[in-house]
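*Asks:* All residue numbers for the sequence shown refer to this note's numbering, where the first residue is 4 and numbers rise by one.
Every residue, glycine too, gets a C-beta built ideally from N, C-alpha and C.
Here the structure is a predicted model, which is why all the values come from computation and not from measurement.
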Amino acid sequence: MGTRYYIRWYLALTLIGVLPIISVTLAGLIATVNGCVLHEGGVSPCLIMGHDFGGALHTMTVLGWLMLITNFALLAGVLGLVWEGVKAVFRAIFNR
Numbered sequence: 004m005g006t007r008y009y010i011r012w013y014l015a016l017t018l019i020g021v022l023p024i025i026s027v028t029l030a031g032l033i034a035t036v037n038g039c040v041l042h043e044g045g046v047s048p049c050l051i052m053g054h055d056f057g058g059a060l061h062t063m064t065v066l067g068w069l070m071l072i073t074n075f076a077l078l079a080g081v082l083g084l085v086w087e088g089v090k091a092v093f094r095a096i097f098n099r
């Protein structure tokens, strides 16, 4: 299997590791822009264009705890990408 195969897997692992961070950040941004209170203690009402998105924002925030599991995927993906980069640099230097 070639380098591209491994790079795709490492990118997929990195994406899986970053998704909970994106969820929490996006929920916080949406709540801040609309002047809503967001915390893990419970659902707070958050009216956006006449609809209550408090439950969805709370779920997005609590999904941040998923980082405890996905951080290992993020670490594996980043280390794999670094390893592939190091291999590419050594190939470029020594295969002249």
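Tell me, please, whether the CB atom of residue 8 is closer than 8 Å to any CB atom in chain D?
*Replies:* Of the protein chains in the structure, only one exists, and it is not chain D.
*Asks:* Which partner residues of residue 54 appear in the DSSP bridge assignment?
*Replies:* 51
*Asks:* Starting from residue 86, trace the alpha helix (DSSP H) both ways and give me its first and last residue.
*Replies:* 70-97
*Asks:* To the nearest angstrom, how far is the alpha carbon of residue 23 from that of residue 86?
*Replies:* 24 Å
*Asks:* Comparing C-alpha positions only, which one of 52, 42 and 14 sits nearest to residue 68?
*Replies:* 42
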